[in-house]
Ligand code: SIN
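Numbering (my numbering), first residue to last: 11 to 200.
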């Protein structure tokens, strides 16, 4: 299995910074099992959330991978999530958590908990699983993706919980995401 931990340790986009904004768009929205100073709802542009990344280590196994979220470039798209202000030491355990294909990337993010007349922006860090990583599964008919999620289980628990928790967290954020909500609806059939 691929392990991006060592690669990520060289991706020091925020070298010398004492604090970093980490933007979560998948499990990092609803499973914040790391220390953070503050969290704020935010969005990034030019990316769409998709369940196109295989999970062999958290929500599936090598034999029966699950499907988890990644981002696909899409002009004009808005992807809502949660930004966490963290210290750089927090990245080491996150690199391990995200080791199955995700690489640190630097992106501009916009906070949504401020008035729209004064949008507040910052550079932030995301973990991105791009289509050239070996665990990338890509697109499939929505009912097949939902069926795979319904059947997969891994060391972190049922794959189903990942999708249900993400959809719930997005609703709480008031975020629109047609792919996630359609997938959640399909999942309820299995
Ligand atoms: C993220 O949540 O931002 C990265 C992907 C994941 O861990 O689900």
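In this text, a Cβ means the ideal position worked out from N, Cα and C, and glycines have one as well.
Here the structure is a predicted model, which means the values were calculated and not measured.
query: Thinking C-alpha only, which one of 90, 49 and 143 is nearest residue 35?; result: 90
query: Considering only their Cβ atoms, is the gap separating residue 159 from residue 77 smaller than 9 Å?; result: yes
query: Please go through the same chain and pick out, in chain order, the residues whose beta-carbon is closer than 8 Å to the beta-carbon of residue 164, but skip the five residues on each side of it.; result: 65, 66, 67, 68, 69, 70, 71 and 76
query: Is DSSP giving residue 100 helix, strand or coil here?; result: helix
query: List the whole-angstrom C-beta distance separating residue 47 from residue 29, where the pair is believed to meet the contact cut-off of C-beta under 8 Å.; result: 7 Å
query: State the DSSP-derived secondary structure class of residue 177, mapped to helix, strand or coil.; result: helix
query: DSSP on residue 199, reduced to helix/strand/coil?; result: coil
query: Does ligand 1 have even one heavy atom less than 8 Å from the beta-carbon of residue 124?; result: no
query: Let me know the secondary structure DSSP gives residue 68 once reduced to three states.; result: coil
query: Can you tell me which of 49, 156 and 174 puts its alpha carbon nearest to the alpha carbon of residue 31?; result: 49
query: Which term fits residue 141, buried or exposed, when burial requires 16 or more other beta carbons within 10 angstroms of its beta carbon?; result: exposed
query: Could you check whether the Cβ of residue 54 sits closer than 8 Å to any heavy atom belonging to ligand 1?; result: no
query: Cβ-heavy atom distance between residue 139 and ligand 3 below 8 Å?; result: With respect to small molecules bound, the structure shown includes ligand 1 and not ligand 3.
query: Is any heavy atom of ligand 1 found at a distance shorter than 8 Å from the C-beta of residue 37?; result: yes
query: Cutting at 7 Å between CB atoms, please list the residues of its own chain near residue 19, excluding the five before and the five after it.; result: 105
query: Please confirm whether any heavy atom of ligand 1 lies closer than 8 Å to the CB of residue 14.; result: no
query: Which residue comes first and which comes last in the beta strand (DSSP E) that contains residue 130?; result: 130-138
query: Give a yes or no on whether the C-beta atoms belonging to residue 161 and residue 74 are separated by under 9 Å.; result: yes
query: Do you know offhand how far residue 184's Cα is from residue 51's?; result: 10 Å
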